[in-house]
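Numbering (our numbering), first residue to last: 7 to 402.
Shown next, in the form of structure tokens:
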């Protein structure tokens, strides 16, 4: 955004900030009700617009909980779907039940990735959706996608993702900047995950600022890895990457942070001769791909690469060039034993049959001395389990 546009929009950012503070005050004072559900809720969110790597983290958490035997349900608004008011059962935990158009592209992607791991519901009213899931599926843990600003549903754990390559933009609120809330909102965070840490500079400075803003919440670094390539037709057979890497390729996507996708491909040694970024949640039509193919061919491309999120919307579109979807996974980096202890404790709490909402509210949300004592206790445990830490905290 150019400086003149930023200056023109700054007064609107002030009004946006006032409205946000007023809304939070209504919840803080009990004038707007915070609703509890009978099962614990883990929220994954951010304080900026654009992609910060929430979706891979949501999938990672759901898989971890499913491996512990939990009945997991992901609650999402289903951004980009045709009717944003309907409740759509995207997946019942066994099979995908809705199209990308009805579910929303990210909700559909999660449902496909988490078959036999987690149910997925798209609903603007996450409170009603959670209660429905408890009643009909006996869900015992929820993962709230993009939930940091959803103050209406009580949660037991607030995880905030921060994009290391562009954490705050120009530090202004919408619409002059990319911030959805002031940086002071990070005091509500129980855990912060810095995403794309491998592509950023001055990480230590960012982490020091996060520690100050969040009043000491544990901070984890993560990186995005290219897991595999898939045929855009939906064929699940993994492909070798050597042949594609030896060719000139074009990349396109419609995600919140397209440059991060292109940077990942370059880091993985793909020879990009053409890139095209479309708006987030873009709905593709045949003419879009016709244009992308023409420009790619004229640039010398022999194949197309896109994200898994985009691929689910391309299945009814004809392509001449071979097109591959890139599956991305998240990997957490544990640098200090105390951070590892915190992460393992979070897992232990959510896999404990005696888990109670009040225990997490006390130990995590308020970060009382109970947390410090348990962290020290788990630290001693971790010293005997260092070989398994990376295996425990890395999604394969």
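Just so it is clear, CB atoms sit at the ideal spot from N, CA and C, and this is done for glycine as well.
Taking the beta carbon of residue 193 as the centre, do at least 16 other beta carbons fall within 10 Å, making it buried, or is it exposed? exposed
What does a CB cutoff of less than 7 Å around residue 287 pick up in its chain, not counting 5 residues either side in sequence? 85, 86, 111 and 260
Taking residue 196 as the reference, which of 141, 31 and 224 has the closest Cα? 224
Comparing C-alpha positions only, which one of 109, 233, 222 and 160 sits nearest to residue 62? 233
Exposed or buried, what is residue 164 when buried is set at 16 or more other beta-carbons lying within 10 Å of its beta-carbon? buried
Is residue 125 closer than 8 Å to residue 104 when the C-beta atoms are compared? no
Please state whether the Cβ-Cβ distance between residue 205 and residue 171 is less than 8 Å. yes
What is the DSSP secondary structure of residue 298, counted as helix, strand or coil? helix
Going by CA-CA distance only, name the one from 181, 176, 98 and 325 that's closest to residue 293. 325
Going along the chain, which residues of its own chain have a beta-carbon closer than 8 Å to the beta-carbon of residue 203, five neighbours each way excluded? Contacts found: 170, 209, 227, 228, 229 and 339.
Just curious, the alpha helix (DSSP H) that residue 65 is in, first and last residue? 60-73
For residue 394, count the other beta carbons within 10 Å of its own beta carbon; 16 or more makes it buried, fewer makes it exposed. Which is it? Confidence is the limiting factor: at residue 394 the pLDDT is only 42, short of 50, which leaves the residue's position unreliable, though a coordinate-based value still follows. Residue 394 should be labelled exposed.
Nearest to residue 335 by alpha carbon, out of 322, 119 and 159? Measuring from the Cα of residue 335, the nearest candidate turns out to be 119.
Enclosing alpha helix (DSSP H) for residue 248 [first to last residue]: 248-251
Near residue 275, which residues of its chain fall below 8 Å by C-beta distance, leaving aside the five closest residues on each side in sequence? 251
When the Cα atoms are used, what is the spatial distance from residue 71 to residue 306? 45 Å
Would residue 46 and residue 147 qualify as a contact pair, given that the criterion is a beta-carbon distance under 8 Å? Against a cut-off of 8 Å, the Cβ pair of residue 147 and residue 46 comes out as a contact.
Please work out which residues of its chain come closer than 6 Å, Cβ to Cβ, to residue 82, disregarding the five sequence neighbours upstream and downstream, and give them in chain order. 113, 128 and 151
Would you kindly report the start and end of the unbroken alpha helix (DSSP H) that includes residue 210? 209-219 is the extent of the alpha helix (DSSP H) around residue 210.
Are the beta-carbon atoms belonging to residue 255 and residue 297 less than 8 Å from one another? no
Assuming residue 323 contacts residue 295 under a Cβ cut-off of 8 Å, what Cβ separation, rounded to an integer in Å, is found between them? 5 Å
Within this structure, are the beta carbons of residue 175 and residue 185 separated by less than 8 Å? yes
Could you check how far apart the C-beta atoms of residue 49 and residue 153 are, in whole angstroms? I think they sit under 8 Å. 4 Å
Taking the C-alpha atoms as reference points, what is the distance between residue 73 and residue 312? 30 Å
Going by beta carbon distance, what residues of the same chain come within less than 7 Å of residue 135, once the five residues before and after it are set aside? 81, 93, 127 and 129
Minimum C-alpha distance to residue 108 - residue among 115, 89 and 216: For residue 108, the nearest C-alpha among the options comes from 89.
Quick check on residue 268: does DSSP put it in helix, strand or coil? Helix at residue 268.
With 16 other CB atoms within 10 Å as the buried threshold, where does residue 39 fall? exposed
Straight-line gap, residue 201 to residue 158 (C-alpha atoms, nearest Å): 27 Å
Report yes if the CB atom of residue 332 is closer than 8 Å to the CB atom of residue 212, and no otherwise. no
Please say whether residue 314 and residue 463 have beta carbons closer to each other than 8 Å? Shown here, the chain extends from 7 to 402; a query on residue 463 therefore has no answer.
By the three-class DSSP mapping on this structure, what secondary structure does residue 87 have? coil
Select from 263, 131, 282 and 277 the residue whose C-alpha is nearest the C-alpha of residue 91. 131
Within this structure, are the beta carbons of residue 337 and residue 231 separated by less than 8 Å? Pairing residue 337 with residue 231 gives a Cβ-Cβ distance under 8 Å.
What does a CB cutoff of less than 7 Å around residue 268 pick up in its chain, not counting 5 residues either side in sequence? These residues qualify, in order along the chain: 257, 278 and 281.
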